[in-house]
Structures are given as C-alpha cells and as structure tokens.
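J.: In the numbering used here, the protein residues as written are 43 to 391. Idealized CB from N, CA, C, for every residue including glycine. Got a structure for you, written out below as structure tokens; questions coming shortly.
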Amino acid sequence: MPENGEMNTVLPGATPTRTSPWRLCVAPMMDWTDRHCRAFHRVVAPGARLYTEMLHARALLHGDVARLLAQAPGERPTALQLGGSEPRELAAAARIGERAGFDEINLNVGCPSERVQAGRFGACLMLEPGLVADCVRAMQDAVGVPVTVKCRIGVDDQDGEADLDCFVDGLVRTTNLGVLVVHARKAWLKGLSPHENRTVPPLDYGRVHRLKERHAELTVVINGGLVDAPTSLAQLAHVDGIMLGRAAYHDPYVLALLDATLRGVEPPSRAGILRALRPYVETECSRGTPLKHISRHLLGLYQGQPGARRYRRLLTEAAVGKDTTWDRIEQALAQVGASVSVVTSGSGN
Ligand SMILES: Cc1cc2nc3c(=O)[nH]c(=O)nc-3n(C[C@H](O)[C@H](O)[C@H](O)COP(=O)(O)O)c2cc1C
C-alpha cells in the first residue's frame with residue numbers, strides 16, 4: 043500500500059485511443075483557476091491542459107499585464123481565455139497573451155452572466171456567429187498559437203441541433219478554427235443565474251458527439267457534468283478531449299486518476315501530490331503570498347477519503363495562523379495519515 047495508507051485506484055478497462063493535446067483539460071473558472079490553482083493542478087495532472095480564468099481583452103490592454111498574466115513555473119501548457127467582442131481589441135490582447143507565453147488563446151462564447159451580456163460578450167455571442175468569426179479571424183491573424191472557442195450547445199430558443207450546426211459550420215468555413223470546446227448544455231440568457239445555467243439546462247452529450255461526427259477535422263472537447271474518471275474516459279470514444287471544471291476543483295484526485303490513466307502510469311498518492319507542491323508554496327510564501335491564497339485550492343484533495351474533514355480543518359487553520367510555514371501543512375498531512383490508518387470506512391466526511 044502506498045504511503046499514508048492511500049489506495050491509488052488504477053482504472054480498469056480504460057483504453058483511450060485519442061492522443062490530442064486537448065484530451066484532458068481543466069476548465070476556465072473565474073476566481074478559481076488562478077495561477078496558484080494552476081500550479082496545483084499541474085502537479086496533480088502533469089499531462090493536462092490548463093485554462094486561465096476569463097480575462098476581458100480590454101483589461102489586458104489597459105491593466106497590469108505582469109500581474110494579470112502571471113504564470114507558475116512549469117504550469118504550461120496553459121490556454122489564456124479572453125472575453126470580448128471587439129476584433130481589434132481581442133487581436134491585441136491575444137498578441138499580449140502569446141508574448142507572455144500562453145500556448146493557446148481561447149474565446150469565451152459560453153458565459154451567460156448579465157454583466158457579461160451587458161458587455162456583449164460570452165454566451166450571447168452565439169446569437170452573432172458572424173461577429174464570432176470576425177473575432178476569431180482577427181486573433182488568428184495576430185498570433186501563431188491556436189485560437190480556440192468555448193461555447194454552449196445553444197442559447198435561449200436558438201438551441202436546436204440545426205442552430206448549433208449552423209454556428210459551427212460557419213466558423214469552420216470562414217476561419218481556421220481547429221479546436222472547439224463545447225459545454226454540453228444550453229444557456230438561458232434571461233432568468234437564470236450563472237450558477238443555475240450550470241445546473242438547470244439538461245446536459246446533451248449526444249449533440250456534441252454528433253457535432254464531432256459532422257466535423258471529423260475539428261478537435262472537439264466536451265465539457266459539462268463530468269464528475270468521475272470512468273464516465274469522463276468513456277467520452278473519449280466519441281470526442282477528442284474532455285474538460286472538467288467543478289469536479290477538477292472540488293475533487294482534484296479525479297484529475298490525477300484521469301491523467302495517470304491516459305499517460306499509462308501509476309497515479310501519485312495524495313500526500314505525494316501535496317509534497318510535490320512544497321517548493322512552490324515555500325517560494326510563494328517567502329515572497330509574501332499569504333498561504334491561504336494557495337491552500338484554498340487544496341481543500342478538495344482528500345475528498346471522499348477518511349479524514350477529509352480533519353484535513354480541510356487543519357489546512358484552513360494553518361492558513362489563518364500568522365506563523366504559517368510548510369510545517370503546518372505537514373502537520374495537517376500527518377493528521378490525515380493518522381486518520382487514514384485508523385479509520386477503515388469513509389466516515390471522515
Ligand atoms: C466558479 C466558476 C467559474 C467559471 N468561470 C468561467 C470562465 O471564466 N470562463 C468559462 O468559459 N467558463 C467558466 N465557468 C464554466 C466552466 O468552465 C464549465 O464550462 C462549467 O462549470 C461546466 O463544466 P463542469 O460541469 O465540469 O463544471 C465557470 C464555472 C465555475 C463553477
């Protein structure tokens with residue numbers, strides 16, 4: 043048994059055949075996938091493609107680029123997600139992103155928040171396929187890295203299969219789009235909060251599978267509702283890539299299992315993952331980064347494991363204390379290890 047008494051499940055019967063650089067992606071998530079989170083996810087899943095939080099193109103043009111685009115050492119490959127609908131602004135922002143070392147520029151055509159709609163970007167752009175194509179072409183003319191799009195299967199009443207086909211066919215015909223990420227549920231632009239728009243409209247994976255059948259030339263990445271490794275891997279029989287959002291954040295060990303399975307290696311232990319992050323945590327803290335800015339992303343690591351609640355509590359306490367050093371995290375780890383060795387069923391949650 044590995045250190046800390048953990049069972050590192052190797053997934054049975056997984057025979058993924060696709061080897062696209064997009065085959066395992068972590069979704070862009072505002073306030074969540076900041077550089078500290080990405081540093082952690084990189085340790086969890088060395089083979090995954092990571093996405094930043096959405097940044098509005100204008101924020102990049104007028105803001106503190108070094109701060110907005112800071113990356114953790116070794117976090118690449120990472121895609122920068124941009125919001126906007128002004129082709130020239132997006133092109134200039136994409137150029138800045140490429141210069142900063144991002145491997146891909148992704149356009150957000152899926153966010154339904156009212157603030158975003160008021161700015162005429164995000165999901166409401168699905169109603170303006172010509173403008174999306176203009177934006178993509180402008181960005182493609184500006185950068186050499188792939189320009190990709192993340193969209194929904196539809197919005198409001200424009201949510202038939204023919205509508206999605208029309209949207210994608212137009213993009214493929216008039217741009218050099220090679221990669222499309224599809225959140226497999228529609229968005230309601232009025233009446234639902236962003237949170238509800240991630241839970242209420244039903245998932246329709248079949249729609250995305252048929253889109254891939256229709257566009258063999260397009261790398262299609264499926265997103266939405268993938269919560270465990272076996273069902274996520276099963277998607278790779280139909281599409282080129284899977285993108286996990288909430289599950290990657292709340293239960294990051296799922297990512298470790300997926301990544302290890304896809305790379306044909308043994309999954310690391312949870313404790314091994316945490317210890318591998320130590321140099322990053324120590325360097326950041328020595329520069330004055332509050333520990334809680336990093337530790338908040340680590341709380342899900344023992345999700346579903348005996349001792350998970352104790353781990354979360356100790357990590358939270360460690361982050362609140364003033365004398366926070368790695369030793370405090372080590373103590374939290376030791377507590378989980380002790381708990382794991384004495385608790386035999388999943389009673390710790
Ligand atoms: C807190 C949070 C923030 C999000 N921010 C973004 C964002 O900035 N850009 C984006 O394209 N999608 C964003 N999303 C949507 C996710 O990328 C993803 O499409 C959605 O959560 C569905 O995937 P999941 O079921 O695997 O979580 C966000 C989701 C969450 C939970």
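#1: Would you say Y291 and A114 are within 8 Å of each other, going by their C-beta atoms?
#2: If you draw a straight line from the alpha carbon of Q159 to that of C166, how long is it in whole angstroms?
#3: Exposed or buried, which one is P70 when buried takes at least 16 other CB atoms within 10 Å?
#4: With 16 as the cutoff for other CB atoms within 10 Å, does N148 come out buried or exposed?
#5: Measuring CB to CB, does R352 end up less than 8 Å from V378?
#6: Do A184 and A136 have their beta-carbon atoms positioned less than 8 Å apart in this structure?
#7: Apart from the five residues on each side of it in sequence, which residues of its chain come closer than 7 Å, Cβ to Cβ, to R162?
#8: Quick one: grab the DSSP three-state call for H225.
#9: Please determine, among T120, E359 and N239, the residue with the shortest C-alpha to C-alpha distance to K334.
#10: Which first and last residues belong to the beta strand (DSSP E) in which I147 is found?
#11: So who's on the other strand from H98, going by DSSP bridges?
#12: Helix, strand or coil for Q159? Go by DSSP, reduced to three states.
#13: Between the C-alpha atoms of I371 and L304, what's the straight-line distance to the nearest angstrom?
#14: Between which two residues does the alpha helix (DSSP H) harbouring M285 extend?
#15: Would you say T217 and R249 are within 8 Å of each other, going by their C-beta atoms?
#16: At which residue ranges does the segment 205 to 287 contain complete alpha helix (DSSP H) runs of 4 or more residues, listed in the order of the chain?
#17: Is the beta carbon of V263 closer than 8 Å to that of V281?
#18: In the DSSP assignment, what are the bridge partners of D67?
#19: Rounded to whole angstroms, what is the Cα-Cα separation between M256 and F209?
#20: Looking at M168 and ligand 1, is the gap between the Cβ and the nearest heavy atom below 7 Å?
#21: Taking the alpha-carbon positions, what's the R317 to L213 distance?
#22: Opposite V189 in the DSSP bridges: which residues?
#23: If you reduce the DSSP assignment to three classes, tell me which class T120 lands in.
#24: For V323, which of helix, strand or coil comes out of DSSP?
#25: Can you round the beta-carbon distance between L286 and L268 to whole angstroms, since I take them to be within the 8 Å contact cut?
#26: Rounded to a whole number of angstroms, what is the C-alpha to C-alpha distance between L66 and L110?
#27: Cutting at 6 Å between CB atoms, please list the residues of its own chain near T325, excluding the five before and the five after it.
#28: Does DSSP put R351 in a helix, a strand or coil?
#29: Which residue marks the beginning of the alpha helix (DSSP H) containing W368, and which one marks its end?
T.: Reading off the structure:
#1: no
#2: Pairing Q159 with C166, the inter-Cα distance amounts to about 6 Å.
#3: buried
#4: buried
#5: yes
#6: yes
#7: If we look at R162 and ignore the five residues flanking it on each side, its Cβ neighbours are S127.
#8: strand
#9: E359
#10: E146 to V151
#11: H98 pairs with G125.
#12: Per DSSP, reduced to three states, the secondary structure at Q159 is helical.
#13: 30 Å
#14: Careful: M285 lies outside any alpha helix (DSSP H), inside the beta strand (DSSP E) at G283 to L286.
#15: no
#16: 247 to 256 and 271 to 277
#17: Their beta carbons are under 8 Å apart, which means V281 touches V263 by this criterion.
#18: Checking the displayed sequence, the identity of residue 67 turns out to be Cys instead of Asp. R91 and M285, per the DSSP bridge assignment.
#19: Residue 256 is actually Arg in this sequence, not Met. Taking the straight line joining both Cα atoms gives about 13 Å.
#20: Incorrect: M168 has no Cβ contact closer than 7 Å to ligand 1.
#21: 44 Å
#22: When DSSP reads this structure, V189 sits in a beta bridge with I147.
#23: strand
#24: helix
#25: 5 Å
#26: Roughly 25 Å separates the two Cα atoms.
#27: none
#28: helix
#29: That run of the alpha helix (DSSP H) goes W368 to V384.
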